[in-house]
Amino acid sequence: MDRRRFLKWSAGTGIAAMATAGGLLTYRGMQGRDPRPNVVVFNADDWSWEHSSFLKCPDVKTPNFDRICKEGVYFTNAHVSSPSCSPSRAALLTGRNFWELGTAADLRGNFPRDLDVYPDILKQAGYQIGLSQKGWGPGDYTNTAWEHNPAGPKISFKRMMYYRYASLDPSQPFCYWFGSFNPHRPYDEDRHVNYDTLKVPDFLPDIPEVRKDVGRYLAEVQDFDSEIGYVLDILEKFGELDHTIIIVTGDNGMPFPRAKTNLYDHGTRVPLAIRWPEGIKGGRIVDDFVNHADIAPTILAAARITPPATMSGHSLGNILESDKQGRIDPYRDFVVTGRETHETLYPMRAIRTEDYLYIRNFEPDRWPSLAQSVDDDGVSYDAVLASRSNPNTQHFYEQALGRRPLEELYVIADDPYQLKNVADVPAMADVKAKLQKKLITYLTKTNDPRVVGVK
133 MDRRRFLKWS AGTGIAAMAT AGGLLTYRGM QGRDPRPNVV VFNADDWSWE HSSFLKCPDV
193 KTPNFDRICK EGVYFTNAHV SSPSCSPSRA ALLTGRNFWE LGTAADLRGN FPRDLDVYPD
253 ILKQAGYQIG LSQKGWGPGD YTNTAWEHNP AGPKISFKRM MYYRYASLDP SQPFCYWFGS
313 FNPHRPYDED RHVNYDTLKV PDFLPDIPEV RKDVGRYLAE VQDFDSEIGY VLDILEKFGE
373 LDHTIIIVTG DNGMPFPRAK TNLYDHGTRV PLAIRWPEGI KGGRIVDDFV NHADIAPTIL
433 AAARITPPAT MSGHSLGNIL ESDKQGRIDP YRDFVVTGRE THETLYPMRA IRTEDYLYIR
493 NFEPDRWPSL AQSVDDDGVS YDAVLASRSN PNTQHFYEQA LGRRPLEELY VIADDPYQLK
553 NVADVPAMAD VKAKLQKKLI TYLTKTNDPR VVGVK
């Protein structure tokens, strides 16, 4: 795809031309049916990218997610806008960076009614919308004129499908948000995968208590996969599976120290797979960098709706229309993520490329830096706290909860867990300067209050 066509797509224009060109927006299904596809978004709560059997993780079985990956497109470099529930979900719903969303990006803030969200836009275009379990939250949307959660009104998926065929026009397309509570804490102590053989991430102490904790987390990843299977079975029963865009992802990484709420890969990098046999060529793995803000404009473009100009994300249409694998779009060579608050204020931004991760901690003297909320505490958090008193293990504490420098820089190939900060290594000065400039340029372009006006 040439640059001019890409820019037209990403700006949300030229939709009619694309619809007649035989690509993503062309429906090849039953006559008489609404040509616009249904949409189902699965959003797991605290799921890091590497924990699926599709990626050959030996410790977890995810056959339903694997099916979506094999029959659709799997993105290896998908990142959330912010590794915390409310800002991450707000970015996905609005197609915007979290710092553009005001109080909707606060963990326990509210959701301004004037923010455009893709379910609302689809509803206005004739879609039926619905929600299971967790939508946008845990913030409060009820004090800002929303009649229901910004992700949709609550109704079970099975009930919505029965209502649809019993009393509604069965040709009406639907948009459904399945916001699982899995694999969020708390965990059932008696439910876990085999923790004797599982891989403990290098940023956690490899002790029995932590191994069991990771095993419980992985058991809930499998529970989420079962929920995917439940919905797929219903879609197949009603003959809607292949006429439905299915998107599976997570709102942030695993709820462990130095993962969730952090800008390292185990905090921001999440699974992302998209299946739609009627519109895209499946069986592909794509390495382009994707931000959750790209999902809303992708959904709207597939529904033949021009995304609002306020959306800073860009449709993945050119990638989904392609039949290629690996790197497809040369302009998707980085992603920007960040954090302001979770339970505490600790502002930081990051830029992730294929080779490097650069983090800017705007107020490093806010220490301890990453205080967690009560529902994120667990035995792994306790183990990291306890490691401080042992000279042989205190590095786990320093890495997760110690005071952080103004800048961090990691070489991905040498340091996949991002544990060796090379920001002050003289040989890395040019790399650091280029990444810093690229990050600040993007933040300035998108009006991030943290940098606008900063010289």
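To convert, take the position in the sequence shown, counting from 1, and add 132; that gives my numbering. All C-beta atoms in this analysis are idealised placements derived from N, C-alpha and C, irrespective of residue type, glycine included.
Best match in the options for proximity to residue i [C-alpha to C-alpha]
{"i": "Pro251", "options": "Ala283, Trp231, Ile491 and Ile483", "result": "Ala283"}
{"i": "Pro170", "options": "Leu364, His527 and Ala435", "result": "Here residue 170 is Asn; the residue named in the question, Pro, does not match the sequence. Nearest option by C-alpha distance: Ala435."}
{"i": "Arg317", "options": "Arg348, Ser220, Lys255 and His474", "result": "Arg348"}
{"i": "Leu489", "options": "Met386, Leu551 and Ile360", "result": "Leu551"}
{"i": "Ser358", "options": "Leu575, Val584 and Ser184", "result": "Ser184"}
{"i": "Asn242", "options": "Trp278, Gln256 and Lys188", "result": "Trp278"}
{"i": "Lys577", "options": "Asn229, Trp181, Lys188 and Leu187", "result": "Asn229"}
{"i": "Leu477", "options": "His527, Asn394 and Asp426", "result": "Asn394"}
{"i": "Tyr259", "options": "Asp248, Phe289 and Ser303", "result": "Ser303"}
{"i": "Ser220", "options": "Gly510, Asp334, Trp268 and Ser521", "result": "Trp268"}
{"i": "Gly262", "options": "Asp383, Gln256, Arg492 and Lys286", "result": "Lys286"}
{"i": "Phe335", "options": "His474, Pro387 and Asp365", "result": "Pro387"}
{"i": "Leu224", "options": "Gly382, Arg291, Tyr294 and Phe197", "result": "Gly382"}
{"i": "Arg291", "options": "Val249, Ser264 and Thr573", "result": "Ser264"}
{"i": "Asp198", "options": "Thr485, Thr573, Gly414 and Asn423", "result": "Gly414"}
{"i": "Asn281", "options": "Val422, Tyr295 and Lys266", "result": "Lys266"}
{"i": "Pro418", "options": "Ile366, Arg535 and Leu452", "result": "The sequence shown places Val at residue 418, not Pro. It is Leu452 whose Cα lies nearest to the Cα of Val418."}
{"i": "Val249", "options": "Tyr295, Ile427, Thr573 and Asn522", "result": "Ile427"}
{"i": "Tyr294", "options": "Ala561, Leu367 and Glu232", "result": "Leu367"}
{"i": "Arg407", "options": "Ala425, Glu372, Asp397 and Tyr396", "result": "Glu372"}
{"i": "Tyr396", "options": "Asp322, Arg323 and Thr485", "result": "Thr485"}
{"i": "Ala425", "options": "Glu321, Lys255 and Glu232", "result": "Glu232"}
Presumed contact (8 Å Cβ cut-off) between residue i and residue j, rounded CB distance
{"i": "Phe370", "j": "Tyr297", "result": "7 Å"}
{"i": "Pro340", "j": "Arg168", "result": "Between Arg168 and Pro340 the Cβ distance is about 52 Å, and since that is not below 8 Å, they are no contact."}
{"i": "Ser312", "j": "Ala176", "result": "5 Å"}
{"i": "Pro548", "j": "Lys392", "result": "Rounded, the Cβ-Cβ distance is 18 Å, inconsistent with contact."}
{"i": "Asp178", "j": "Gly385", "result": "7 Å"}
{"i": "Asp420", "j": "Arg464", "result": "4 Å"}
{"i": "Arg582", "j": "Arg481", "result": "7 Å"}
{"i": "Ile360", "j": "Phe174", "result": "6 Å"}
Cutoff 6 Å; reference residue i; Cβ partners in own chain excluding five residues on either side
{"i": "Val172", "result": "Tyr308, Thr376 and Ile378"}
{"i": "Gln568", "result": "none"}
{"i": "Asn314", "result": "Glu352, Asp355 and Phe356"}
{"i": "Ala405", "result": "Ile200, Cys201, Gly204, Tyr206 and Val380"}
{"i": "Asn579", "result": "none"}
{"i": "Val584", "result": "none"}
{"i": "Phe528", "result": "Pro337, Val516 and Ser519"}
{"i": "Trp181", "result": "Arg401, Val402 and Pro403"}
{"i": "His474", "result": "Ser216, Leu239 and Thr393"}
{"i": "Thr525", "result": "Pro337 and Ser519"}
{"i": "Ala532", "result": "Pro389, Arg390 and Val516"}
{"i": "Tyr574", "result": "Val468"}
{"i": "Tyr319", "result": "Arg348"}
{"i": "Val422", "result": "Phe207 and Ala210"}
{"i": "Ile572", "result": "Val583"}
Beta-carbon contacts of residue i that lie in its chain and below 8 Å, excluding the five residues immediately before and after
{"i": "Val332", "result": "Asp338, Val342, Arg343 and Val346"}
{"i": "Lys570", "result": "Phe466 and Ile483"}
{"i": "Thr329", "result": "Pro190 and Asp191"}
{"i": "Pro270", "result": "Cys217, Ser218, Leu239 and Arg240"}
{"i": "Ile253", "result": "Leu432, Ile437 and Pro440"}
{"i": "Asp487", "result": "Val543, Ile544 and Ala545"}
{"i": "Val325", "result": "Asp191, Val192, Gly347, Leu350, Ala351 and Gln354"}
{"i": "Asn553", "result": "Pro537, Glu540, Leu541 and Tyr542"}
Chain-order list of residues whose beta-carbon lies under 7 Å from that of residue i (same chain, five-residue window excluded)
{"i": "Pro429", "result": "Gly144, Gly227, Pro439, Met443, Gly445, His446 and Ser447"}
{"i": "Pro244", "result": "Gly234, Thr235, Ala236 and Thr276"}
{"i": "Ala555", "result": "Pro537, Glu539, Glu540, Leu541 and Lys564"}
{"i": "Asp374", "result": "Pro409 and Glu410"}
{"i": "Lys193", "result": "Ser185 and Gln354"}
{"i": "Val363", "result": "Val172, Phe289 and Phe310"}
{"i": "Gly154", "result": "At Gly154 the pLDDT is 33, less than 50, meaning the model places this residue with poor confidence and gives no usable figure here."}
{"i": "Gly399", "result": "Pro215, Asn384, Gly385, Ala391, Lys392 and Thr393"}
Cβ of residue i within 8 Å of any chain C Cβ
{"i": "Ala223", "result": "No chain C appears in this structure, which consists of one protein chain only."}
Practice problem: Quick one: which unbroken alpha helix (DSSP H) runs of 4-plus residues sit fully inside the region 437–497? Chain order, please. | Solution: Listed in chain order, they are 449–453.
Self-check item: Inside the region 342–414 only - alpha helix (DSSP H) runs reaching at least 4 residues
Solution: As far as the region 342–414 is concerned, its whole alpha helix (DSSP H) runs of at least 4 residues are 397–400.
Quiz item: Does the count of Cβ pairs from the region 443–460 and the region 491–500 closer than 8 Å reach three?
Solution: Below 8 Å, too few C-beta pairs join the region 443–460 and the region 491–500 to call them touching: fewer than three.
Quiz prompt | Meets three-Cβ-pair contact criterion under 8 Å: the region 206–215 and the region 463–477 | solution = Yes: at least three Cβ pairs fall under 8 Å.
Quiz item: What are the uninterrupted segments assigned as beta strand (DSSP E) that are 3 or more residues long and contained completely in the region 239–267, given in chain order?
Solution: As summarised for the region 239–267, the continuous beta strand (DSSP E) elements at least 3 residues long and confined to that stretch are 260–265, given in chain order.
Quiz item: Hey, which unbroken runs of the beta strand (DSSP E) at 3 residues or more fall wholly within the region 192–242?
Solution: Runs of the beta strand (DSSP E) inside the region 192–242: 205–211.
Quiz item: Which ranges would you report for the beta strand (DSSP E) in the region 537–582 if only whole runs of at least 3 residues count?
Solution: Runs found: 539–543.
Self-check item: Uninterrupted alpha helix (DSSP H) stretches inside the region 314–339 (no shorter than 4 residues)
Solution: Runs of the alpha helix (DSSP H) inside the region 314–339: none found.
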